[in-house]
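**Student:** From first to last, the protein sequence lines stand for chains A and B. The number in this note's numbering is simply the position in the first sequence, starting from 1, with 1 added. The number in this note's numbering is simply the position in the second sequence, starting from 1, with 1 added. For each residue, glycine too, the CB sits at the ideal point set by N, CA and C. Questions regarding the structure given below will be posed in turn.
2 protein chains.
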Amino acid sequence: MAGRQARKSNPQRASGPALWASVGARVRDRERKRDAVIMTAARAFRERGYHNTSLDDIASELNVTKPTVYHYVENKEQLLFECFRSGLALIMNGIEEQRESTATGRERLAAVIARYAEAITSDFGWCMVQAENQDLSPTMSRKVKALKSEIDQGLRSLIRAGVADGSIRPCDEKMTAFALAGALNWIAHWYRSDDKLAASEIAQRFIELFELGLQPR
Amino acid sequence: MAGRQARKSNPQRASGPALWASVGARVRDRERKRDAVIMTAARAFRERGYHNTSLDDIASELNVTKPTVYHYVENKEQLLFECFRSGLALIMNGIEEQRESTATGRERLAAVIARYAEAITSDFGWCMVQAENQDLSPTMSRKVKALKSEIDQGLRSLIRAGVADGSIRPCDEKMTAFALAGALNWIAHWYRSDDKLAASEIAQRFIELFELGLQPR
DNA sequence: GCCCTAATTTACCCACGAGTATATTTAGAC
DNA sequence: GTCTAAATATACTCGTGGGTAAATTAGGGC
Numbered sequence: 002m003a004g005r006q007a008r009k010s011n012p013q014r015a016s017g018p019a020l021w022a023s024v025g026a027r028v029r030d031r032e033r034k035r036d037a038v039i040m041t042a043a044r045a046f047r048e049r050g051y052h053n054t055s056l057d058d059i060a061s062e063l064n065v066t067k068p069t070v071y072h073y074v075e076n077k078e079q080l081l082f083e084c085f086r087s088g089l090a091l092i093m094n095g096i097e098e099q100r101e102s103t104a105t106g107r108e109r110l111a112a113v114i115a116r117y118a119e120a121i122t123s124d125f126g127w128c129m130v131q132a133e134n135q136d137l138s139p140t141m142s143r144k145v146k147a148l149k150s151e152i153d154q155g156l157r158s159l160i161r162a163g164v165a166d167g168s169i170r171p172c173d174e175k176m177t178a179f180a181l182a183g184a185l186n187w188i189a190h191w192y193r194s195d196d197k198l199a200a201s202e203i204a205q206r207f208i209e210l211f212e213l214g215l216q217p218r
Numbered sequence: 002m003a004g005r006q007a008r009k010s011n012p013q014r015a016s017g018p019a020l021w022a023s024v025g026a027r028v029r030d031r032e033r034k035r036d037a038v039i040m041t042a043a044r045a046f047r048e049r050g051y052h053n054t055s056l057d058d059i060a061s062e063l064n065v066t067k068p069t070v071y072h073y074v075e076n077k078e079q080l081l082f083e084c085f086r087s088g089l090a091l092i093m094n095g096i097e098e099q100r101e102s103t104a105t106g107r108e109r110l111a112a113v114i115a116r117y118a119e120a121i122t123s124d125f126g127w128c129m130v131q132a133e134n135q136d137l138s139p140t141m142s143r144k145v146k147a148l149k150s151e152i153d154q155g156l157r158s159l160i161r162a163g164v165a166d167g168s169i170r171p172c173d174e175k176m177t178a179f180a181l182a183g184a185l186n187w188i189a190h191w192y193r194s195d196d197k198l199a200a201s202e203i204a205q206r207f208i209e210l211f212e213l214g215l216q217p218r
């Protein structure tokens with residue numbers, strides 16, 4: 002999950018590998034727990050919404066008390082941000098995976114859409130879609146905007162590539178990316194994990210729709 | 002805005018038209034003010050979000066105090082619901098307008114999309130999109146779901162009509178409606194009223210995209 | 001002028017929830 | 001076994017904001 006920074010920093014006055022092995026274990030442990038906090042929060046946010054979820058709720062779902070949560074996370078806002086980031090990372094991975102592909106733009110776009118749908122139906126989906134500026138401080142909000150913009154740029158450049166290689170009809174790349182992202186993001190609003198439709202099937206229908214269009218060919 | 006119920010109820014012991022004219026005026030006055038409350042709330046919700054907008058905020062934007070707001074509306078939840086309803090009414094109007102049209106399904110769908118985009122860029126847009134179950138009591142939530150479902154059914158039946166008359170390629174009408182609604186609803190997330198693009202232009206691009214698809218023809 | 005009702009205000013209450021100061025437990029290091 | 005630091009808990013503070021009781025003002029009707 003979302004890469005934490007420099008673990009294994011300079012071992013002041015080194016004292017054998019055993020020491021740092023165990024410290025490393027502790028650090029990993031901490032990260033695992035931190036991730037558990039974030040995932041629990043993500044699910045809670047999705048089920049009840051950000052403002053209807055108290056940190057006490059999250060804590061008690063983890064069988065733990067509130068200060069423990071604060072031991073892993075700065076504050077509620079950061080918790081939302083981490084959920085957001087974890088979700089977006091899934092999408093970004095999908096985009097990056099296609100960077101080295103030699104397929105046509107349209108094919109790569111389809112692959113990204115599939116991963117996007119997968120990500121948006123996860124517990125993080127709700128957070129990604131709802132982590133709106135409004136609940137975040139200006140600083141966080143800027144970061145969120147920056148990350149969202151990366152995704153947007155990724156989509157646009159795939160569209161551009163498709164137009165360039167002739168696999169996509171020339172179109173307004175900005176509006177197309179918006180429509181695509183909108184349709185995909187909106188899944189988070191209606192999708193229930195017990196849905197008959199798996200994310201991959203939804204993606205398939207969307208790809209077909211966006212590729213072929215409504216007008217008969 | 003959103004039809005209130007029975008005004009001009011039985012004038013107990015009628016006493017001339019003048020009386021009821023003025024009573025009527027007062028009722029109209031009340032409704033105008035109530036609408037002002039709702040519109041102010043809608044704008045505030047859009048700008049700062051539901052949970053970040055206090056009733057004191059709304060009141061002071063109206064140059065009035067909180068109990069006055071409560072004089073026009075039951076509680077905060079209902080305020081959100083009214084915003085939601087006003088917005089949805091705009092969309093429903095668009096759909097109903099097309100009922101008697103003789104155009105093809107695809108053409109009627111395009112007309113509905115245009116109205117939809119118009120509605121979603123209004124101050125009510127945010128409320129429609131965000132008035133999620135989560136902030137509403139079960140009762141309200143049910144009503145919201147029912148109204149949303151009406152829109153959904155409207156879209157689907159247009160798609161069905163289009164498939165039937167041959168103007169729309171046979172497709173999964175449910176997923177198509179979801180994708181369409183998602184792309185449109187999402188506009189509320191990125192649209193700023195000072196945007197270069199007018200709602201009508203956005204709609205135009207969306208219609209083109211959904212009709213022609215990405216694949217070159 | 002007086003009455004009655006609707007509109008509006010002042011001045012509250014109180015629950016909830018984010019965040020914290022401080023104590024306590026746990027576990028690794030030596 | 002003891003020292004230390006991390007992990008967790010207990011027991012708070014305090015602001016915010018939804019909601020309300022009660023008083024005050026405005027305005028139409030006669």
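For chain B, find out if any of its Cβ atoms is closer than 9 Å to the Cβ of residue 117 of chain A; answer yes or no.
**Tutor:** Here the question's residue 117 of chain A lines up with position 116 in the first sequence. Answer no: the Cβ-Cβ gap between residue 117 of chain A and chain B never drops below 9 Å.
**Student:** Could you pull out every residue in the same chain whose Cβ sits closer than 8 Å to the Cβ of residue 136 of chain B, ignoring the five residues on either side in sequence?
**Tutor:** Taking the first residue of the second sequence as 1, we reach residue 136 of chain B at position 135. 51, 52, 78 and 81.
**Student:** Just reading off the alpha helix (DSSP H) that residue 1 of chain A is part of, what are its end residues?
**Tutor:** Shown here, chain A extends from 2 to 218; a query on residue 1 of chain A therefore has no answer.
**Student:** Quick one: what's got a C-beta closer than 6 Å to residue 146 of chain A's C-beta in the same chain, skipping five residues either side?
**Tutor:** Counting from 1 along the first sequence, the entry for residue 146 of chain A is found at position 145. Taking C-beta separations shorter than 6 Å and ignoring five residues to either side along the sequence, residue 146 of chain A has no partners in its chain.
**Student:** Could you list which residues in chain A have their beta carbon closer than 8 Å to that of residue 86 of chain B, in chain order?
**Tutor:** Taking the first residue of the second sequence as position 1, residue 86 of chain B is located at position 85. Residues of chain A passing the Cβ test: none, with the nearest at roughly 18 Å.
**Student:** Which of helix, strand or coil does DSSP assign to residue 143 of chain A?
**Tutor:** For this step, residue 143 of chain A is matched to residue 142 along the first sequence. DSSP places residue 143 of chain A within a helical segment (H, G or I) once states are collapsed to three.
**Student:** So the alpha helix (DSSP H) residue 59 of chain B belongs to, where does it begin and stop?
**Tutor:** As a first step, residue 59 of chain B must be located in the second sequence, where it is residue number 58. Looking at the DSSP string, the run of the alpha helix (DSSP H) that includes residue 59 of chain B is 56-62.
**Student:** Does DSSP put residue 133 of chain A in a helix, a strand or coil?
**Tutor:** Against the first sequence, residue 133 of chain A aligns to sequence position 132. DSSP places residue 133 of chain A in coil when its eight states are reduced to three.
**Student:** Mind checking the region 200-216 of chain A against chain B and listing, in chain order, the residues whose C-beta falls within less than 8 Å of any C-beta there?
**Tutor:** 203, 206, 207, 209, 210, 211, 212, 213, 214, 215 and 216
**Student:** Drop a sphere of 10 angstroms on the beta-carbon of residue 54 of chain A, count the other beta-carbons inside from all chains shown, and report buried for 16 or more, exposed for fewer.
**Tutor:** Working through the first sequence from its first residue, we reach residue 54 of chain A at position 53. Result: buried.
**Student:** Just tell me which of A:85, A:36, A:161 and A:114 has its CA closest to the CA of residue 106 of chain A.
**Tutor:** For this step, residue 106 of chain A is matched to residue 105 along the first sequence. Checked all of A:85, A:36, A:161 and A:114; the closest Cα to residue 106 of chain A is A:161.
**Student:** According to a CB-to-CB cut-off of less than 8 Å, which residues of the region 161-177 of chain B neighbour chain A?
**Tutor:** 163, 167, 168, 169, 170, 172, 173, 176 and 177
**Student:** Would you say residue 110 of chain A reaches chain B, if we count a Cβ-Cβ gap shorter than 9 Å as a contact?
**Tutor:** On the first sequence, residue 110 of chain A is found 109 positions in, with the first residue counted as 1. Residue 110 of chain A counts as touching chain B.
**Student:** Just checking: is the beta-carbon of residue 76 of chain A within a distance shorter than 9 Å of some beta-carbon in chain B?
**Tutor:** To locate residue 76 of chain A, count along the first sequence from 1; it is residue 75. No, residue 76 of chain A lies away from the interface with chain B (no Cβ there is under 9 Å from its Cβ).
**Student:** Are the Cβ atoms of residue 199 of chain A and residue 129 of chain A separated by less than 9 Å?
**Tutor:** Here residue 199 of chain A is taken as the residue at index 198 of the first sequence, counted from 1. Here residue 129 of chain A is taken as the residue at index 128 of the first sequence, counted from 1. In this structure, residue 129 of chain A does not lie closer than 9 Å to residue 199 of chain A by Cβ.
**Student:** Can you tell me which of the three DSSP states residue 192 of chain B falls into?
**Tutor:** Indexing the second sequence from 1 puts residue 192 of chain B at position 191. Three-state DSSP puts residue 192 of chain B in coil, outside helix and strand.
**Student:** Do residue 111 of chain B and residue 208 of chain B have their beta-carbon atoms positioned less than 9 Å apart in this structure?
**Tutor:** Residue 208 of chain B sits at position 207 when you count from the first residue of the second sequence. Residue 111 of chain B sits at position 110 when you count from the first residue of the second sequence. Here residue 208 of chain B is near residue 111 of chain B, since their CB atoms are less than 9 Å apart.
**Student:** Buried or exposed for residue 170 of chain B, please, with buried defined as at least 16 other CB atoms from any protein chain shown within 10 angstroms of its CB.
**Tutor:** Position 169 of the second sequence, counting from 1, holds the residue named residue 170 of chain B. Buried, because 16 or more other Cβ atoms sit within 10 Å of the Cβ of residue 170 of chain B.
**Student:** Does the beta-carbon of residue 41 of chain B have 16 or more other beta-carbons within 10 angstroms, so that it is buried, or is it exposed?
**Tutor:** The count along the second sequence starts at 1 and reaches residue 41 of chain B at position 40. Its Cβ being crowded by 16 or more others within 10 Å, residue 41 of chain B is buried.
**Student:** Have a look at A:178, A:151 and A:202 and flag the residue whose alpha-carbon is nearest the alpha-carbon of residue 163 of chain A.
**Tutor:** What you label residue 163 of chain A is simply residue 162 of the first sequence in a count that begins at 1. The candidate whose alpha carbon is nearest that of residue 163 of chain A is A:178.
**Student:** Can you check whether the C-beta of residue 96 of chain A is within less than 9 Å of a C-beta belonging to chain B?
**Tutor:** Residue mapping note: residue 96 of chain A aligns to position 95 of the first sequence, counting from 1. No, residue 96 of chain A lies away from the interface with chain B (no Cβ there is under 9 Å from its Cβ).
**Student:** Which ranges would you report for the alpha helix (DSSP H) in the region 151-185 of chain B if only whole runs of at least 4 residues count?
**Tutor:** none
**Student:** Would a check of beta-carbon distances place residue 44 of chain B closer than 9 Å to chain A?
**Tutor:** Working through the second sequence from its first residue, we reach residue 44 of chain B at position 43. False, the Cβ-Cβ gap to chain A never drops below 9 Å.
**Student:** If you reduce the DSSP assignment to three classes, tell me which class residue 74 of chain A lands in.
**Tutor:** On the first sequence, position 73 is the one that residue 74 of chain A refers to. For residue 74 of chain A, the secondary structure class from DSSP, reduced to helix, strand or coil, is coil.
**Student:** Does residue 41 of chain B come out as helix, strand or coil in the three-state DSSP assignment?
**Tutor:** Here residue 41 of chain B is taken as the residue at index 40 of the second sequence, counted from 1. In the structure shown, residue 41 of chain B sits in a helix (DSSP, three-state: H, G or I).
**Student:** Classify residue 125 of chain B as buried or exposed, calling it buried when 16 or more other Cβ atoms lie within 10 Å of its own Cβ.
**Tutor:** On the second sequence, residue 125 of chain B is found 124 positions in, with the first residue counted as 1. Answer is buried; the Cβ neighbour count reaches 16.
**Student:** Report the rounded CA-to-CA distance for residue 65 of chain B versus residue 56 of chain B, giving the unit in angstroms.
**Tutor:** Indexing the second sequence from 1 puts residue 65 of chain B at position 64. Indexing the second sequence from 1 puts residue 56 of chain B at position 55. Distance between the alpha carbons of residue 65 of chain B and residue 56 of chain B: 11 Å.
**Student:** Would you identify the three-state DSSP class for residue 138 of chain A, choosing helix, strand or coil?
**Tutor:** Working through the first sequence from its first residue, we reach residue 138 of chain A at position 137. Three-state result, residue 138 of chain A: coil.
**Student:** Can you check whether the CB of residue 174 of chain B is closer than 9 Å to the CB of residue 157 of chain B?
**Tutor:** Locating residue 157 of chain B in the second sequence gives position 156, counting from the first residue. Locating residue 174 of chain B in the second sequence gives position 173, counting from the first residue. Judged by their CB atoms, residue 157 of chain B and residue 174 of chain B are nearer to each other than the 9 Å cut-off.
**Student:** If we ignore side chains and look at the alpha-carbon of each, how far apart do residue 191 of chain B and residue 28 of chain B end up?
**Tutor:** By one-based count along the second sequence, residue 191 of chain B stands at place 190. By one-based count along the second sequence, residue 28 of chain B stands at place 27. When rounded, the distance between both Cα atoms is 38 Å.
**Student:** Does residue 49 of chain A come within less than 9 Å of chain B when only Cβ atoms are used?
**Tutor:** Locating residue 49 of chain A in the first sequence gives position 48, counting from the first residue. By this cut-off, residue 49 of chain A is an interface position.
**Student:** Between the alpha carbons of residue 133 of chain B and residue 142 of chain B, how many angstroms are there, rounded?
**Tutor:** As a first step, residue 133 of chain B is located in the second sequence; it is residue number 132 there, counting from the start. As a first step, residue 142 of chain B is located in the second sequence; it is residue number 141 there, counting from the start. Cα to Cα, residue 133 of chain B sits roughly 8 Å from residue 142 of chain B.
**Student:** Taking just the CA atoms, how far does residue 47 of chain A sit from residue 38 of chain A?
**Tutor:** Residue mapping note: residue 38 of chain A aligns to position 37 of the first sequence, counting from 1. Residue mapping note: residue 47 of chain A aligns to position 46 of the first sequence, counting from 1. The alpha-carbon atoms of residue 38 of chain A and residue 47 of chain A are separated by roughly 14 Å.
**Student:** Whose CA, out of A:204, A:176, A:172 and A:217, lies closest to the CA of residue 165 of chain B?
**Tutor:** In the second sequence, the residue the question calls residue 165 of chain B occupies position 164. Of the listed residues, the one whose Cα sits closest to residue 165 of chain B is A:217.
**Student:** Could you check if residue 168 of chain B is buried or exposed, using at least 16 other CB atoms within 10 Å of its CB as the buried criterion?
**Tutor:** Indexing the second sequence from 1 puts residue 168 of chain B at position 167. The residue is buried, with at least 16 neighbouring Cβ atoms inside 10 Å.
**Student:** Using a Cβ-Cβ cutoff of less than 7 Å, which residues in the same chain neighbour residue 88 of chain A once the five nearest sequence positions on both sides are dropped?
**Tutor:** The residue labelled residue 88 of chain A in the question sits at position 87 within the first sequence. The answer, listed in chain order, is 120, 123, 125, 126, 128 and 129.
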